[in-house]
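Numbering (our numbering), first residue to last: 15 to 179.
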């Protein structure tokens, strides 16, 4: 016997370009609501399209899977735990990125990306492996304007420190 979920996943809702834009705005609204309502910052370190759902009753986006949603202080403790590293990805906690100290070869940096950057990368742009798109993102479609695609890539770039031209 299977249970019918109360919220449909965002993946099942993808469709027309206007519908995709609406879902993207709802996701951004959710991120803003969380940032404004919690006294301590939270990091969503495991973000996938299937982790978001659309409530049929309210029409709002909800998180369906929060197994790696942690207070930012905890994430920073994990990413800067002093463990040995060779490359930056050795210091990551799933989607929460960090840096490897090239002098000491130790993870000693706090999280370098935020929830917006993670959503831009994992939800709006899509999933890539070795530069090949394996699942296009919510905002990556044939009708995506090149300026939007460029802005999404900048948004996802944790090395940009949020400074965009």
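Just so you know, even glycine gets a beta-carbon here, dropped at the ideal spot from N, CA and C.
For residue 172, count the other beta carbons within 10 Å of its own beta carbon; 16 or more makes it buried, fewer makes it exposed. Which is it?
That one is buried.
Buried or exposed: residue 155, going by 16 or more other Cβ atoms within 10 Å of its Cβ?
Result: exposed.
So, residue 108 versus residue 82, is the Cβ gap smaller than 8 Å?
Yes; because the gap between Cβ atoms is below 8 Å, this pair is in contact.
Output yes or no for whether 8 Å exceeds the beta carbon distance between residue 94 and residue 122.
A contact, by the Cβ cut-off of 8 Å.
Could you pull the DSSP bridge partners for residue 57 from this structure?
According to DSSP, residue 57 bridges with 84.
Which word fits residue 143, buried or exposed, when buried means at least 16 other C-beta atoms lie within 10 angstroms of its C-beta?
It is exposed - the Cβ of residue 143 has fewer than 16 other Cβ atoms within 10 Å.
Compute the Euclidean distance between the alpha carbons of residue 52 and residue 63, then round it to the nearest angstrom.
When rounded, the distance between both Cα atoms is 23 Å.
Can you tell me which residues form a DSSP beta bridge with residue 143?
Answer by DSSP bridge pairing, in chain order: 146.
Helix, strand or coil for residue 120, going by three-state DSSP, please let me know.
Looking at residue 120 - three-state DSSP - the assignment turns out to be strand.
Could you check whether residue 89 and residue 59 sit closer than 8 Å to each other, using their CB atoms as the reference points?
Yes, these two residues count as a Cβ contact at 8 Å.
Taking the alpha carbon of residue 91 as the point to measure from, which residue in 125, 114, 120 and 115 has its own alpha carbon closest?
For the residues 125, 114, 120 and 115, the minimum Cα distance to residue 91 belongs to 125.
Measure the CB-CB distance between residue 130 and residue 166 and report whether it falls below 8 Å.
Not a contact, by the Cβ cut-off of 8 Å.
For residue 42 and residue 33, what's the separation of their Cα atoms in angstroms?
Looking at the two C-alpha atoms, the distance is approximately 14 Å.
Count the other C-beta atoms from every protein chain shown that fall within 10 angstroms of the C-beta of residue 50, then say buried if there are 16 or more, exposed otherwise.
Exposed.
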